[in-house]
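Novice: Below: one structure in structure tokens.
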Amino acid sequence: MKAWPLIAALAVPLAGLLVSCDGDSPSSKEPARTTPARTATATPTSGIAAALENLDLPLDLASGLSLGKQDAPVTIAVFEDFQCPHCLRYTALVEPAIIDEYVTPGRVRLEFHNLPFLGPESVQAALAAWCAGEQDQFWPYHKQLFLVQAEAGQATSEKLDVGRFSDTALREYAADLGLDTAAFEACYSSTAAAEGVRADLRQAQSLGLRGTPSFVINGQPLATSPSSLAEWRKFLDQALAK
């Protein structure tokens with residue numbers, strides 16, 4: 000199971016993006032950063048991992064890379080890199096409450112989009128997650144990938160391409176979750192998976208997204224995303240009141 004040919008193929012659309020992992024989408028005139036640009040209140044690694052472990056996903060509302068009712072009045076499109084520390088913090092500390100309070104009741108729909116830019120393992124994780132979605136297991140796989148990062152302390156100590164998302168590791172995560180491993184491996188090295196990720200990259204470029212995580216609400220990109228759960232609640236309540 001090798002993704003290197005696909006990684007090379009994805010290099011072209013990535014070249015057109017100036018991306019940073021800082022939680023916002025900077026101006027195209029700013030230099031790209033791969034380290035956090037702002038400091039959030041520290042949460043112990045164990046707390047971040049526990050938040051993910053305790054996440055109860057409403058899998059009856061899952062469809063591919065989406066989670067929530069089709070007719071939900073608010074759709075949040077989330078663009079992430081599985082190696083991005085800010086993505087990990089959002090996924091562990093904010094998204095579970097959004098799922099519990101807004102997605103499960105049918106008020107918000109989440110759509111995940113891959114925006115891998117931090118290295119080869121970012122692309123490999125994106126391809127693997129897309130393939131998990133082909134077996135309707137994207138959200139458990141998404142949770143597992145971020146849990147691996149949380150347990151390794153990625154939220155506070157960024158380390159890239161250190162084997163957490165190697166071909167072997169990604170295959171093992173799929174097997175642990177009960178995926179059809181033969182189908183998973185065939186998908187992982189397929190042009191369909193590469194095109195799925197490439198489509199997300201093209202969409203990010205067309206929307207002018209320049210950071211991860213980036214958020215698009217009902218088709219409108221957020222220039223500055225809410226920085227806390229309280230701000231997210233306020234923002235979503237206002238969006239739902241319109």
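Following numbering that gives the first Met the number 0 from start to finish, the sequence shown increments by one per residue and tops out at 241. All C-beta atoms, glycine included, are put in the ideal place defined by N, C-alpha and C.
1) Within this structure, are the beta carbons of C20 and T155 separated by less than 7 Å?
2) For T103, which residues from the same chain have a beta carbon less than 6 Å from its beta carbon, with the 5 sequence-adjacent residues on both sides left out?
3) By how many angstroms is the C-alpha of A91 removed from the C-alpha of P225?
4) For K241, count the other beta carbons within 10 Å of its own beta carbon; 16 or more makes it buried, fewer makes it exposed. Which is it?
5) Less than 7 Å between C-beta atoms, sequence neighbours within five positions excluded: which residues of the same chain meet that for L146?
6) Among residues of its own chain, excluding the 5 on either side of L64, which ones have a beta-carbon nearer than 6 Å to its beta-carbon?
7) Rounded to whole angstroms, how far is the Cβ of S213 from the Cβ of P220, which I believe are closer than 8 Å?
8) Can you give the Cα-Cα distance for S189 and A181, rounded to whole angstroms?
9) If the criterion is Cβ atoms closer than 7 Å, does the pair C130 and C186 meet it?
10) Compare the Cα-Cα distances from S45 to each of G177, E230, A151 and report the closest residue.
11) Could I get the ranges of all uninterrupted alpha helix (DSSP H) runs contained in the region 183-210, with 4 residues as the minimum, in chain order?
12) Under the three-state reduction of DSSP, which class applies to A48: helix, strand or coil?
13) Can you name, in chain order, every residue of its own chain whose Cβ lies under 7 Å from the Cβ of D160, other than the five neighbours on each side?
14) Starting from the C-beta of F164, find all residues in its chain whose C-beta is less than 6 Å away, skip the five residues before and the five after it, and write them out in chain order.
15) Using 10 angstroms around the beta-carbon of E171, count the other beta-carbons present and answer buried if the total reaches 16, otherwise exposed.
16) Would L169 and Q134 be called neighbours here (beta carbons separated by less than 7 Å)?
17) Restricting to Cα atoms, I'd like to know which of G218, C86, A229, H141 is closest to E157.
18) Specify, as a first and last residue, the run of the alpha helix (DSSP H) that L228 falls within.
19) DSSP puts S65 in a beta bridge; with which residues?
20) Taking the beta carbon of Q153 as the centre, do at least 16 other beta carbons fall within 10 Å, making it buried, or is it exposed?
21) Grab me the residues of L176's own chain with a C-beta within less than 8 Å of its C-beta, minus the 5 sequence neighbours each way, in chain order.
22) Identify which residue in P95, Q69, A193 has its Cα closest to the Cα of L54.
23) Let me know the secondary structure DSSP gives A151 once reduced to three states.
24) State the CB to CB distance for the pair P71 and V107, rounded to an integer number of angstroms; the pair is presumed to be in contact (CB under 8 Å).
Specialist: The structure says:
1) Along the sequence shown, one-based indexing puts residue 20 at 21. Along the sequence shown, one-based indexing puts residue 155 at 156. No.
2) As a position in the sequence shown, residue 103 is number 104, starting the count at 1. Here the set comprises P57.
3) What you label residue 225 is simply residue 226 of the sequence shown in a count that begins at 1. What you label residue 91 is simply residue 92 of the sequence shown in a count that begins at 1. Straight-line Cα distance between these residues: approximately 15 Å.
4) Taking the first residue of the sequence shown as 1, we reach residue 241 at position 242. The residue is exposed, with fewer than 16 neighbouring Cβ atoms inside 10 Å.
5) Sequence index remark: in the sequence shown, residue 146 carries index 147 (1-based). Excluding positions up to five away in sequence, the list reads A48, L51, E52.
6) Here residue 64 is taken as the residue at index 65 of the sequence shown, counted from 1. Excluding positions up to five away in sequence, the list reads F111, G132, F137.
7) As a working note, residue 213 is residue 214 in the sequence shown. As a working note, residue 220 is residue 221 in the sequence shown. With a Cβ gap of about 7 Å, S213 and P220 count as contacting.
8) Here residue 189 corresponds to residue number 190 of the sequence shown, with the count starting at 1. Here residue 181 corresponds to residue number 182 of the sequence shown, with the count starting at 1. Cα-Cα distance, rounded: 13 Å.
9) For the purposes of this step, residue 130 is identified with residue 131 of the sequence shown, where counting begins at 1. For the purposes of this step, residue 186 is identified with residue 187 of the sequence shown, where counting begins at 1. In contact: C130 and C186 (Cβ atoms closer than 7 Å).
10) For the purposes of this step, residue 45 is identified with residue 46 of the sequence shown, where counting begins at 1. Of the listed residues, the one whose Cα sits closest to S45 is A151.
11) 190-206
12) Against the sequence shown, residue 48 aligns to sequence position 49. DSSP places A48 in helix when its eight states are reduced to three.
13) By 1-based counting over the sequence shown, the position of residue 160 is 161. Closer than 7 Å at Cβ, skipping near neighbours: G118, P119, E120.
14) Walking along the sequence shown from the start, residue 164 turns up at place 165. Around F164: E120, Q123, A124.
15) Position 172 of the sequence shown, counted from the start, is the residue given in the question as residue 171. E171 should be labelled exposed.
16) Position 170 of the sequence shown, counted from the start, is the residue given in the question as residue 169. Position 135 of the sequence shown, counted from the start, is the residue given in the question as residue 134. No, Cβ-Cβ distance for L169 and Q134 is not below 7 Å.
17) Locating residue 157 in the sequence shown gives position 158, where the first residue counts as 1. If we check each option's Cα against that of E157, C86 comes out closest.
18) For the purposes of this step, residue 228 is taken as residue 229 along the sequence shown, with counting starting at 1. L228 -> alpha helix (DSSP H) spans 228-240.
19) Looking up residue 65 in the sequence shown gives position 66. DSSP lists S62, E110 as partners of S65.
20) Within the sequence shown, numbered from 1, the residue matching residue 153 stands at position 154. Buried, since its Cβ has 16 or more Cβ neighbours within 10 Å.
21) Counting from one through the sequence shown, the residue named residue 176 turns up at place 177. So the list reads A131, Q136, P139, Y140, Q143, once near-sequence residues are dropped.
22) For the purposes of this step, residue 54 is taken as the residue at position 55 of the sequence shown. Closest option to L54, Cα to Cα, is P95.
23) The sequence position of residue 151 within the sequence shown is 152, counting from 1. It is coil, neither helix nor strand.
24) Translated into positions along the sequence shown, residue 71 becomes position 72. Translated into positions along the sequence shown, residue 107 becomes position 108. Checking the displayed sequence, the identity of residue 71 turns out to be Ala instead of Pro. That belief holds up - the Cβ atoms of A71 and V107 are roughly 5 Å apart, short of 8 Å.
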